[in-house]
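With the numbering used here, you'll find the sequence shown wraps up at 296, consecutive numbering, no jumps. One structure is given below, encoded as structure tokens.
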Amino acid sequence: MSSAKERLQDINSTIAPTPTESASSTAPMSVPIDNEIKGKLALVTGASGGIGAACARDLWANGASLALTYNTNKEPLDQLVSELEQQSGSEGRRISKHKCDVGYEAELNKLYAELTQQHGQGADILVVNAGYGKRVSSILDISIEEWDYTVNVNLRSSFVLTKLAMPHMLAKEWGRVVYISSIAAGGTSINGCHYSASKAGVQGLSKNLAAKMGKSGITFNDVAPAMITETGMIKDEEALKGTPGDVKNIPVGRSGRPQECANAVTMLCRTGYMTGQSLLLSGGLK
Ligand SMILES: NC(=O)c1ccc[n+]([C@@H]2O[C@H](COP(=O)([O-])OP(=O)(O)OC[C@H]3O[C@@H](n4cnc5c(N)ncnc54)[C@H](OP(=O)(O)O)[C@@H]3O)[C@@H](O)[C@H]2O)c1
Numbered sequence: 011m012s013s014a015k016e017r018l019q020d021i022n023s024t025i026a027p028t029p030t031e032s033a034s035s036t037a038p039m040s041v042p043i044d045n046e047i048k049g050k051l052a053l054v055t056g057a058s059g060g061i062g063a064a065c066a067r068d069l070w071a072n073g074a075s076l077a078l079t080y081n082t083n084k085e086p087l088d089q090l091v092s093e094l095e096q097q098s099g100s101e102g103r104r105i106s107k108h109k110c111d112v113g114y115e116a117e118l119n120k121l122y123a124e125l126t127q128q129h130g131q132g133a134d135i136l137v138v139n140a141g142y143g144k145r146v147s148s149i150l151d152i153s154i155e156e157w158d159y160t161v162n163v164n165l166r167s168s169f170v171l172t173k174l175a176m177p178h179m180l181a182k183e184w185g186r187v188v189y190i191s192s193i194a195a196g197g198t199s200i201n202g203c204h205y206s207a208s209k210a211g212v213q214g215l216s217k218n219l220a221a222k223m224g225k226s227g228i229t230f231n232d233v234a235p236a237m238i239t240e241t242g243m244i245k246d247e248e249a250l251k252g253t254p255g256d257v258k259n260i261p262v263g264r265s266g267r268p269q270e271c272a273n274a275v276t277m278l279c280r281t282g283y284m285t286g287q288s289l290l291l292s293g294g295l296k
């Protein structure tokens, strides 16, 4: 079997033909259409939180096996896993739990080693959801340490996780990578420029990979939520009062829910013709 690097070189050579080659001889072969997620393994980071847990529930309902991570909150993940394992139709499928601080490359490497050990394979679906955002609005109050920490947890880890996921996805000629970015990537935010920059970086990572790896059978998209309550980040609509995310500023007149993010994530996993897209999930907020 060719290495992941060789496989990628093959793909790139079909994307960028030499000028002497004729159009017909270089017509790139695309991989067969396969939008089935039943039986696939989905790695969801930050499944102990609101949006991650909803994504895990929805992918499980659609037949995927799961590898789920938490960092500091084990209990919500334990509860989620027992809830899912009790559902009918879970026979023959597995859920694994992993403690992982995504800010540390060593922990990400360990996570992938555990995945291979426990599932005998890498992830077919990667939902990069774990994220951090301390609400500091003014640049004057954002310390260099806060900037570094936010960019490390939100952006650097997205790159490392994606890189670790590639060999298996390339070998299978199938993969779905979905990043949970944010409306903040475009500037609108209840948070500061450090958070916006980290999420804009995630969108750039996703779009570049989608353009470069379109023929690989792997898609890269991001879901950019705004004002999703029932999460650790935003408990309820009360927490949004007086901010740009106040429900009175949201055209649909309410906050969003984690399940609505999960709907978009599952749709992206089931739609191989969609890649390089950023789905703004904001109730019309711009
Ligand atoms: N809620 C919103 O309105 C909103 C809007 C835009 C984007 N987002 C994004 O959505 C994603 C999920 O957030 P949420 O709203 O569901 O909030 P949440 O309930 O607080 O969930 C955050 C998740 O990220 C994990 N996490 C945080 N820092 C981590 C680290 N260093 N290493 C590993 N895991 C870490 C948490 O794990 P533990 O709890 O186990 O520590 C938790 O599972 C984040 O990327 C966030 O930026 C949310």
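All C-beta atoms in this analysis are idealised placements derived from N, C-alpha and C, irrespective of residue type, glycine included.
Which residue's Cα is closest to the Cα of residue i: the options?
| i | options | result |
| --- | --- | --- |
| N83 | T55, P268, I238, V170 | T55 |
| E124 | T172, S40, L53, M277 | L53 |
| A175 | C203, A195, F230, S100 | F230 |
| P42 | E183, N162, C110 | E183 |
| H178 | K209, G227, V212 | G227 |
| Y80 | G99, L289, V112, L51 | V112 |
| K251 | Y283, T241, I200, G286 | I200 |
Shorter than 8 Å, the distance from the beta carbon of residue i to the closest heavy atom of ligand 1, or not?
| i | result |
| --- | --- |
| I61 | yes |
| G214 | no |
| L324 | With the chain represented from 11 up to 296, any question about residue 324 goes unanswered, as that position is not in the structure. |
| G49 | no |
| S297 | Outside the displayed span of the chain (11 to 296) sits residue 297, for which this structure offers no information. |
| K209 | yes |
| C279 | no |
| L141 | Note that residue 141 is Gly in the sequence shown, not Leu. Under cutoff, so the answer is yes. |
| A234 | yes |
| S319 | Beyond the ends of the chain as shown, which are 11 and 296, falls residue 319; an answer cannot be given. |
| G56 | yes |
| K107 | no |
| A194 | yes |
Give the secondary structure of residue i by DSSP, where H, G and I count as helix, E and B as strand, and everything else as coil.
| i | result |
| --- | --- |
| N72 | coil |
| A236 | coil |
| A52 | strand |
| V41 | coil |
| K107 | strand |
| Y122 | helix |
| R267 | coil |
Mind checking residue i: buried by the 16 CB within 10 Å criterion, or exposed?
| i | result |
| --- | --- |
| T126 | exposed |
| Y189 | buried |
| K15 | exposed |
| Q297 | Outside the shown range of the chain, which is 11 to 296, sits residue 297, and nothing can be said about it. |
| R186 | buried |
| Q1 | Not covered by the structure: residue 1. The range shown for the chain is 11 to 296. |
| P261 | exposed |
| D246 | exposed |
*Per the contact definition of three or more C-beta pairs closer than 8 Å, is the stretch 58-73 in contact with the stretch 91-110?*
yes
*Just checking, does the stretch 135-142 make contact with the stretch 157-167 on the three C-beta pairs under 8 Å criterion?*
Flag = yes, the stretch 135-142 and the stretch 157-167 touch.
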